[in-house]
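The structure appears below as structure tokens.
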């Protein structure tokens with residue numbers, strides 16, 4: 001199963017290579033944003049945007065409410081036993 005986690009773009013680390021610093025759950029990490037369709041915008045316009053992150057790659061830009069709803073859902077799953085078939 002694949003899971004995409006919402007993350008907020010904090011800063012652009014390398015414009016040429018399309019990397020950014022993103023944060024989710026208080027954890028910051030480097031992510032590749034070069035797969036995103038910027039639709040004529042600058043890579044700097046990503047700062048402050050929410051993205052769907054999967055294995056270090058930003059797959060899509062999502063709106064803030066969708067990001068917060070998804071993070072709340074993930075947090076609510078914390079107490080579920082994954083081995084309970």
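Residue numbers (full-length UniProt numbering): 1 to 85.
All C-beta atoms, glycine included, are put in the ideal place defined by N, C-alpha and C.
Bear in mind the structure is a predicted one, so any value in this text is a computation, not a measurement.
Just measuring C-alpha positions, the residue of 14, 15, 46, 42 sitting nearest residue 7 is 46. Of the candidates 25, 70, 13, 24, the residue whose Cα lies closest to the Cα of residue 32 is 13. Residue environment for residue 49: buried (at least 16 other C-beta atoms within 10 angstroms of its C-beta). A straight-line Cα-Cα distance of about 27 Å links residue 41 and residue 71.
Here the C-alpha atom of residue 54 lies approximately 10 Å from the C-alpha atom of residue 60.
Collapsing the DSSP output to three states places residue 43 in a helix. For the pair residue 27 and residue 9, the CB atoms are not nearer than the 7 Å cut-off.
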